[in-house]
Amino acid sequence: MSLATTYSPTDVEAKWYQRWQEQGFFKAKPNPKKKPYTVVIPPPNVTGVLHMGHMLNNTIQDVLVRRARMQGKEACWVPGTDHASIATEAKVVALLKEQGISKTDLTREQFLAHAFEWKDKYGGIILEQLKQLGASCDWDRTRFTMEPDLTDAVLRVFVDLYNKGLIYRGVRMVNWDPEGRTAISDEEVIAKDVQAKMYYLKYAVVGQEGQFLTVATSRPETIMADVAVAVNPNDPRYAHLAGQKVRIPLLGREIPVIFDEYVSMDFGTGALKVTPAHDLNDYELGVKHNLPVIDILADNGTLNEKAVLYVGQDRFAVRKQIAKDLQEAGLLEKIEEYASIVQTSERTKAVIEPKLSLQWFMKMEQMAKPALDVVENDTVKLHPPKFKNMYRAWMENVRDWCISRQLWWGQQIPAYYLPDGTFVVALTAEDALQQAIAQTGKADLQLSDLRQDEDVLDTWFSSWLWPISVFDGFKDPDNADINYFYPTNDLVTGPDILFFWVARMIMAGLEYRQEVPFKNVYLTGIVRDAQGRKMSKQLGNSPDPLDLIAQYGADGVRTGMLFSAPAGNDLLYDVKLVEQGRNFSNKLWNAFRLVKGWEADASLPFVNAKPVEWFNAKLQAAIVEMDDHFEKFRMSDALMTIYKLTWDDFCAQYLEMVKPAYQHPIDAETLRHTTAYLETLLKLLHPFMPFITEELWHELAERGPRDYVTVAPWPRATAPANSAETLANMDKALAIVAGIRTVRNQKNLGPNKPLTLVAKTDEPQLVTDYEGIIRKLGSILEVSFADAGPAASVSFVLGGSEFFIPLEGHIDLAAERARLEKELEYAQGFRDSVQKKLGNEKFAQNAKPEVLEKERQKLADAEAKIAALEQALKGL
RNA sequence: GGGGGAUUAGCUCAGCUGGUUCAGAGCAUCUGCCUUACAAGCAGAGGGUCGUAGGUUCGAACCCUACAUCCCCCA
1 MSLATTYSPT
11 DVEAKWYQRW
21 QEQGFFKAKP
31 NPKKKPYTVV
41 IPPPNVTGVL
51 HMGHMLNNTI
61 QDVLVRRARM
71 QGKEACWVPG
81 TDHASIATEA
91 KVVALLKEQG
101 ISKTDLTREQ
111 FLAHAFEWKD
121 KYGGIILEQL
131 KQLGASCDWD
141 RTRFTMEPDL
151 TDAVLRVFVD
161 LYNKGLIYRG
171 VRMVNWDPEG
181 RTAISDEEVI
191 AKDVQAKMYY
201 LKYAVVGQEG
211 QFLTVATSRP
221 ETIMADVAVA
231 VNPNDPRYAH
241 LAGQKVRIPL
251 LGREIPVIFD
261 EYVSMDFGTG
271 ALKVTPAHDL
281 NDYELGVKHN
291 LPVIDILADN
301 GTLNEKAVLY
311 VGQDRFAVRK
321 QIAKDLQEAG
331 LLEKIEEYAS
341 IVQTSERTKA
351 VIEPKLSLQW
361 FMKMEQMAKP
371 ALDVVENDTV
381 KLHPPKFKNM
391 YRAWMENVRD
401 WCISRQLWWG
411 QQIPAYYLPD
421 GTFVVALTAE
431 DALQQAIAQT
441 GKADLQLSDL
451 RQDEDVLDTW
461 FSSWLWPISV
471 FDGFKDPDNA
481 DINYFYPTND
491 LVTGPDILFF
501 WVARMIMAGL
511 EYRQEVPFKN
521 VYLTGIVRDA
531 QGRKMSKQLG
541 NSPDPLDLIA
551 QYGADGVRTG
561 MLFSAPAGND
571 LLYDVKLVEQ
581 GRNFSNKLWN
591 AFRLVKGWEA
601 DASLPFVNAK
611 PVEWFNAKLQ
621 AAIVEMDDHF
631 EKFRMSDALM
641 TIYKLTWDDF
651 CAQYLEMVKP
661 AYQHPIDAET
671 LRHTTAYLET
681 LLKLLHPFMP
691 FITEELWHEL
701 AERGPRDYVT
711 VAPWPRATAP
721 ANSAETLANM
731 DKALAIVAGI
741 RTVRNQKNLG
751 PNKPLTLVAK
761 TDEPQLVTDY
771 EGIIRKLGSI
781 LEVSFADAGP
791 AASVSFVLGG
801 SEFFIPLEGH
811 IDLAAERARL
821 EKELEYAQGF
831 RDSVQKKLGN
841 EKFAQNAKPE
851 VLEKERQKLA
861 DAEAKIAALE
871 QALKGL
């Protein structure tokens, strides 16, 4: 045989991916004769590179899509990338900085030119990497969230929602990212636990020399923005301060003491400094008590001139310095350690500052309601369903979405300001002008009089339209693609963007198509390392996916990831998993080598009816099981089913049963069945291991020009007659084989030392029927029947039957007796417990008849076994 | 602080409405094998009082209560 004993994936994989593309197997177009099956990719960042999370996520999508394709559906997997406004802009800014260019030196147009140049050069690498994984996307449909058509969709939606009154502009407290110098939405903020300090500051009471009011704060650098100190009206400690003023330490400005039940008496000193510009709660308190707002922070997190002190210094530097200065001034009572949380930016990791600013918002309440309903009533199913609770909690407490970002990389907000300070919202500048003229009555307004809003929209404001916009459903709401492919079927993504993205897509789908965007949402876990740590650059614990593919093959990596990836559970990645995947490829390869090497001889009789019938029963049961697992999105279990069928049932059992002696031909019918089985296995394995199955598909037989396993029909289960009996009988036969092998192991006989078997059984027909298999797999020369075992022999009991292997010189009577006695004791104990159960009147009254019947059967079986064991002991 | 989930073999997990020979899988472990498809392999074996304590029931890994530990989301 010339085929190598180990499978080498590298050449094979590149070859088949190219052929598939040449054949156009991944291209989808509306086809009324077929059912559509649609998946839209969660678009990765355009500048991203493939990491382990993508590998898992896209493997799952590919498995679903490939299976659907084989099931004869018009499978459409739409790929694409996301412009990721804040992340990409940050990268471009950093890159320009390296070249000595500052963003502030550039115009918007110049900056965008740089950004696009960079995007064209490095963008989309990730899509090429997905091809190496085997992803069967329709690449002709590749979209980008900032391309003209998708931008058009974004602008249309903005204008529409504005006209419906769902988008508004207003001053609100927003999350300000001083690093990205932009507002971000609540969902982009991540709370982190930190060990912080609590500073106790002394505010002098005006007009009462030597009297101080002590205020505890974790942010002493904001005292310059204080406008009041608040205490609880029920707090006797401070009742005397009614109508008094206190002086801000260092600064000396006088501020009132106010009373509000909001203040907690047991936190800190019970006195709270009120800083409306830099804390949401303080802001609300300020509004209630009609207090001014003093904003002392600049956009980059330094103090501005309103602070008076420390102007131009960073807030954290000021915190350290002011503590020192307060100490020296005698105005710092003490500092305490204190466990706190800080809000950080999901993208830049910078500490967020609450900041009052003028931003655009989208009202969420009205849209959230129907989007919650469809999940509650399972129109959209979440897998696993535990995420339903999380989803509900979020949707019931949803807040308005801040959609404006102070960035350049993104869709510029289509709002146009007029000289009089009012604005209009329109799809184009020309439309805006018309509106402006109509609104003001000034016919002489020019385009140059209008100034477009400088801000761009949140990236998610384009992603939330993705399932519709990739099919041009906004520009052309009745086109053939959208009508056919929408709603999509399954969405595969991480739970971290359930609200960012999934919930909002549902809202957009219901708003613009009156239909949910997908029926199932499969939420993957996070890929962690073997110790359960997140993959991170600092730890260096994240393998390079492309290295893995090169080393283990894409098939090996794909199956490796899926071996341990139940939905919603984190996957603890271990190289052993990928090795297991690679080993499985190799197992399959060798099974193929064996079958391929057989010569058929048509003159030989068909001797393998039993194995052929048995494996068919196994195969059909496995197909049913796999379909069920797929139905429930249990991908790991579906893989495990076909893994065990292939490895254990096909290779370890079936092939060993039918394998002819070395260099002997095989009968033609057995070969025909075996080849057909192998083909079916290749089909069932294909979604998981597309490359090796395609390779073997073509190696196994001459194929027509379009005959690929990629488009082969998915096997349909047909229940064979007498399937249960076939399986049960073979189980008995294999138990006899296992008994023989156990004896070989115990007695240290090699696997090939010829032995004979004597059966004392009430099922002689079964033993006769399966004698060939028992002889072959057990290396048994001869099987005979007797009422008693030969003197010098080892025996084992199965059910009510006893089997003897004559072994002169290997018998240790005492040990045999001990072993049998132990078995007998166990069987008796079991029989007693069943008897007791059956003897219980209440059990007999309450148990269902089938349960009772089963218990009686158990008792009968146990008694037969006990009898056989007692006989065996007597025979010793 | 509010809400949710989890706790089953060394590890990762199944175990559907309580009852299939006193709880299963994969991996790992141990023993023996280079047996002519495959040592990336073959054959066999061991390993769990189902987090703890109560309760309901003829019967509990599964239902109820409390406690403990861990994780996630929100504040």
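Its first residue numbered 1, the first sequence is counted upward by one per residue in my numbering. Note that CB positions come from ideal geometry on N, CA and C, so glycine has one too.
Asked, Found
"Please name the residue in Q835, G540 and T38 whose C-alpha comes closest to that of L491.", "T38"
"Would T675 pass as a contact of L700 if the rule is Cβ separation under 8 Å?", "yes"
"Assuming G556 contacts S536 (C-beta within less than 8 Å), just tell me the rounded distance between them.", "Actually they are not in contact, since the Cβ atoms of G556 and S536 sit about 24 Å apart, beyond 8 Å."
"Please confirm if the region 700-720 is in contact with the region 620-636, defined as three or more CB-CB distances below 8 Å between the two stretches.", "yes"
"By the DSSP assignment, the alpha helix (DSSP H) with H114 in it spans what residues?", "R108 to Y122"
"Is the beta carbon of I403 less than 8 Å from the beta carbon of D453?", "no"
"Let's test the definition: count the other Cβ atoms within 10 Å of the Cβ of T493 and tell me whether it reaches 16, buried, or not, exposed.", "buried"
"From what residue to what residue does the alpha helix (DSSP H) around A849 run?", "The residue asked about is misnamed: residue 849 is Pro in this sequence, not Ala. Start and end: P849 to G875."
"Do E98 and K35 have their C-beta atoms closer together than 8 Å?", "no"
"How is the beta strand (DSSP E) around P256 delimited, first residue to last?", "E254 to F259"
"Suppose only complete runs of 4+ residues qualify. What are the alpha helix (DSSP H) ranges in the region 59-102, listed by chain order?", "85-98"
"The beta strand (DSSP E) with M535 in it runs from where to where?", "Taken as a continuous stretch (DSSP letters only), M535 belongs to no beta strand (DSSP E), as it is neither H nor E."
"Pull up the distance between the alpha-carbon of Q327 and that of A277, whole angstroms please.", "25 Å"
"Which residues mark the beginning and the end of the beta strand (DSSP E) in which P806 is found?", "S801 to P806"
"Please specify which runs of the beta strand (DSSP E), each continuous and at least 3 residues long, are wholly inside the region 370-406, giving them in chain order.", "381-383"
"Would you identify the three-state DSSP class for L599, choosing helix, strand or coil?", "It should be noted that the sequence gives Glu, not Leu, for residue 599. Coil, per DSSP."
"Do you know whose CA, among L372, L150 and L734, lies nearest N389's CA?", "L372"
"For F563 versus S636, is the C-beta distance shorter than 8 Å?", "yes"
"Mapping DSSP to helix, strand and coil, what is T761?", "coil"
"Tell me the rounded alpha-carbon separation between R181 and R156.", "27 Å"
"What residue does the beta strand (DSSP E) around V231 start on, and which one ends it?", "A228 to V231"
"Looking at C-alpha atoms only, which residue of N31, E261 and S8 is the closest neighbour of A480?", "N31"
"Beta-carbon within less than 6 Å of I549's beta-carbon, same chain only, minus the 5 sequence neighbours each way: which residues are those?", "Q132 and V557"
"Pick out the complete beta strand (DSSP E) segments inside the region 269-314, 3 residues or longer, and give them in chain order.", "271-274"
"Would you mind working out which of L671, I437, V502 and S8 sits nearest D420, comparing C-alpha positions?", "I437"
"Mind checking Y662: buried by the 16 CB within 10 Å criterion, or exposed?", "exposed"
"On the three-state DSSP scale, how would you describe N45?", "strand"
"Quick check: the region 375-389 against the region 335-350, are there 3 or more CB pairs under 8 Å?", "no"
"Whole angstroms are fine: how far does the CA of S218 sit from the CA of A196?", "7 Å"
"Alpha carbons only, please: which of D235, L678 and L427 is nearest the one belonging to I413?", "L427"
"Among A503, L127 and V516, which one has its Cα closest to the Cα of P881?", "What is shown of the chain runs 1 to 876, which leaves residue 881 out entirely."
"Look up M1 in the DSSP assignment and say whether it is helix, strand or coil.", "Since pLDDT at M1 reaches only 44, below the 50 mark, its modelled position is unreliable, and the value read off the structure follows with that caveat. Coil."
"Counting only runs of 4+ residues fully inside the region 442-515, write out the alpha helix (DSSP H) ranges in chain order.", "460-463, 466-469, 480-485 and 504-513"
"When DSSP labels each residue in this structure, what does D11 get in the three-state scheme?", "helix"
"In angstroms with no decimal places, state the Cα-to-Cα distance between G170 and S264.", "31 Å"
"Closest by CA to R672, which one among T742, A530 and K596?", "K596"
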